[in-house]
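Novice:
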Amino acid sequence: VRVSVYGAGQVGTATARLLAAWPGIGVSGPFGRGQRDEALSSGADAVVIATTSFLDQVAPDIEAAVAGGSNVITTAEEAAYPWHYDAGLAAALDAAARERAVTILGAGLNPGFVFDALVVTALGVVPGGPLGVKVLVERVVDLSGFSRAILRRLGIGYSADEFTAGSADGAITGHIGFPQSMRIVARRIGVRIDRIDRAIEPIIADAAIELPQLTVAAGQSAGFRQRYVAIVGGEPWFEALFTGHISPAAAGHQTRDEILIDGAAGPLHVAINPGINPQAGAPAIVAHSIRRLIDAPPGWLTVADLPPASPGFSIAAAGPQGETS
Ligand SMILES: NC(=O)c1ccc[n+]([C@@H]2O[C@H](COP(=O)([O-])OP(=O)(O)OC[C@H]3O[C@@H](n4cnc5c(N)ncnc54)[C@H](OP(=O)(O)O)[C@@H]3O)[C@@H](O)[C@H]2O)c1
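Positions in the sequence shown are counted from 1; adding 867 to them yields the numbering used here.
1. Counting Cβ pairs closer than 8 Å, one from the stretch 922-930 and one from the stretch 957-970, do we hit at least three?
2. For Thr1082, count neighbouring C-beta atoms within 10 Å of its own C-beta (all shown protein chains included) and say buried if the count is 16 or more, exposed if not.
3. When every heavy atom of ligand 3 is checked, does at least one fall within less than 6 Å of the C-beta of Ser920?
4. Quick check on Gly975: buried or exposed, where buried means 16 or more other Cβ atoms within 10 Å of its Cβ?
5. Could you tell me the alpha carbon to alpha carbon distance between Leu1173 and Gly1179, rounded to whole angstroms?
6. Once you ignore the five residues that flank Pro1103 on each side, which residues in its own chain have a CB closer than 6 Å to its CB?
7. Once DSSP output is grouped into helix, strand and coil, what is the label at Trp950?
8. Going by alpha carbons, who is nearest to His1042 out of Ala1107, Leu885, Glu1125, Ala968?
9. 7 Å is my cut-off, CB to CB: does Asn938 come that close to chain C?
10. Taking buried to mean at least 16 other C-beta atoms within 10 Å of its own C-beta, is Glu1005 buried or exposed?
11. Under 6 Å from any heavy atom of ligand 1, does the C-beta of Leu1078 make it?
12. Please name the residue in Thr919, Ala888, Ala911, Asp912 whose C-alpha comes closest to that of Arg900.
13. To the nearest whole angstrom, what separates the beta carbons of Ile1017 and Leu1160, a pair I think is in contact under 8 Å?
14. Could you have a look at Phe980 and say whether DSSP puts it in helix, strand or coil?
15. Could you check where the beta strand (DSSP E) with Glu1068 kicks off and where it finishes?
16. Per the DSSP calculation, Ser1088 is bridged to which residue(s)?
17. Can you tell me the Cα-Cα spacing of Ser1088 and Ile1157, whole angstroms?
18. Can you look up Ala968 in the DSSP assignment and give me helix, strand or coil?
19. Could you pull out every residue in the same chain whose Cβ sits closer than 6 Å to the Cβ of Asp1129, ignoring the five residues on either side in sequence?
20. Which full runs of the alpha helix (DSSP H) of 4+ residues lie inside the stretch 1087-1141, going along the chain?
21. Return helix, strand or coil for Val868, following the three-state DSSP convention.
22. Could you give the uninterrupted runs of the beta strand (DSSP E) lying entirely in the stretch 1141-1179, keeping only those of 3 residues or more?
Have a look at this one:
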C-alpha cells in the first residue's frame, strides 16, 4: 500500500512516522507546500491531507488527489461533513470520487471520533429510537501541544476585547467541527436538525504562561469554552461542550472526554479519563483509517459510514474468517 502525506506539520509528520513503521506500507512525505504536485498526483493508494481546517482550502487538493486516482483522507474539520457548509462542492467532489472509483473521508479525533463515531456506537445500546434520546458530549482538552498557528486560530493569546472582535470576524474560530459531528450523527440515525446554536467565551489567564511556541501574558486568553446545541423539533437534541486550555491543570481542569445519553431506560455515561491526548490520538486515528479508507466504497463518506478505525489490516485484507487467528 502506497501512502502519500501532504502537510508537514504535527499531524502529517506524526502520521507519516506511524505508517512508515508498518510492514507493507510505503510512505512518501510528509510534503510541504512547495511539493504539492508530488504529494497529490503520484497515484498513491491513499493521500493524507493534513494542512488546514477549511473545506474551501482543501477542496482543490482533494480534487487533485482524486484526479490522480487516489483515495483521500483529510483532517480538515470542515471536511468531516462537507455538506454542512457547501453541499454543491461536496456533491461535485463526491461525483469525481465515484467516477474515479475512490473514497474521500474527513477524519480525526474531533471531529471523527469523540463527538460522532463514538456517539453513534454508544447510541447502539440505548433504547428509545432516534428521537427518544438527548445527547451531551463534553471534552476538556490540553492545548499546550498544538502549533503556534493553530493556537492563535483557536483563540489563545488575546485580550478579552481582541477575542470578542476575532470571534466576530472569523480570525478566531475556537475548535472547529461540532456542527459536522452533529450532522454525522443525525444523518446516521435519521434525525433532521432545525438549527445549531453556538457560543464561545475566552478563559483569561491570571498569570503569564510560557510555552515553547507562545507566551500568554496575564490578562490574555489561555483557553476558551465553547457550547454548540443542535435543535430538533424545537428542543435541544445534541449539546457539545468543549473547554480548551494551554495549562488545564493549573486552571483547575482535568482533561476528559464524556458522553452522556439520556434515553428511555435512563442515562448512559461513557467517560474517558484522562481525555485522549490530541497529539497522539489524531495521527493514530488517521494512520488507522488507511485500510478502511482503501476498502470503502467510492464517494465522499463520513466516519459513520465506515467500520471503526483500527490498527493493522481490515477483515477484507486479512482473508476469510479464522485465517489470521
Ligand atoms: N479532525 C481532527 O480531529 C483534527 C485533528 C488534528 C488536526 N486537525 C486539523 O488538521 C490540520 C493540521 O493540523 P496540525 O496539527 O498538523 O497543524 P500544524 O502543525 O500547524 O501544521 C499544518 C501544516 O500544514 C501547512 N499548511 C497550512 N495551510 C496549508 C495550505 N492551505 N496548503 C498547504 N499546506 C498548508 C502548514 O505550513 P505553513 O507552516 O507553511 O503554514 C504546516 O506545515 C489543522 O487544520 C488542524 O486543525 C484536525
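Each residue gets a CB set at the ideal place from its N, CA and C atoms; glycine is no exception.
All of these numbers come straight from a predicted model, not from anything done at the bench.
Specialist: If we stick to the structure as given:
1. The answer is yes - the stretch 957-970 touches the stretch 922-930, with three or more Cβ pairs under 8 Å.
2. Under this definition Thr1082 is an exposed residue.
3. Looking at this structure, you won't find ligand 3 anywhere; what it does contain is ligand 1.
4. Residue burial is scored here from C-beta neighbours: Gly975 has at least 16 other C-beta atoms within 10 angstroms and is therefore classed as buried.
5. If you take the alpha carbons of Leu1173 and Gly1179, they lie about 16 Å apart.
6. Excluding positions up to five away in sequence, the list reads Val1096.
7. Residue state, collapsed to three classes: helix.
8. Nearest C-alpha to His1042: Ala1107.
9. Note that chain C does not occur in the displayed structure, where there is just one protein chain.
10. So Glu1005 ends up on the buried side.
11. No, ligand 1 has no heavy atom inside 6 Å of this Cβ.
12. Looking from the CA of Arg900, the closest CA among Thr919, Ala888, Ala911, Asp912 belongs to Thr919.
13. Going by Cβ atoms, the distance from Ile1017 to Leu1160 rounds to 24 Å, so no, they are not a contact pair.
14. Per DSSP, reduced to three states, the secondary structure at Phe980 is coil, with no helix or strand assignment.
15. It spans 1062-1071 - the beta strand (DSSP E) in which Glu1068 sits, taken as one unbroken run.
16. When DSSP reads this structure, Ser1088 sits in a beta bridge with Ile1071.
17. Annotation: Ser1088 to Ile1157 spans about 37 Å, alpha carbon to alpha carbon.
18. In the structure shown, Ala968 sits in coil (DSSP, three-state: anything other than H, G, I, E or B).
19. Hits under 6 Å: Lys1001.
20. Listed in chain order, nothing qualifies, since the stretch 1087-1141 has no complete alpha helix (DSSP H) run of 4 or more residues.
21. Looking at Val868 - three-state DSSP - the assignment turns out to be coil, as it is neither helix nor strand.
22. Counting whole runs of 3 or more residues, the stretch 1141-1179 contains the beta strand (DSSP E) stretches 1166-1168.
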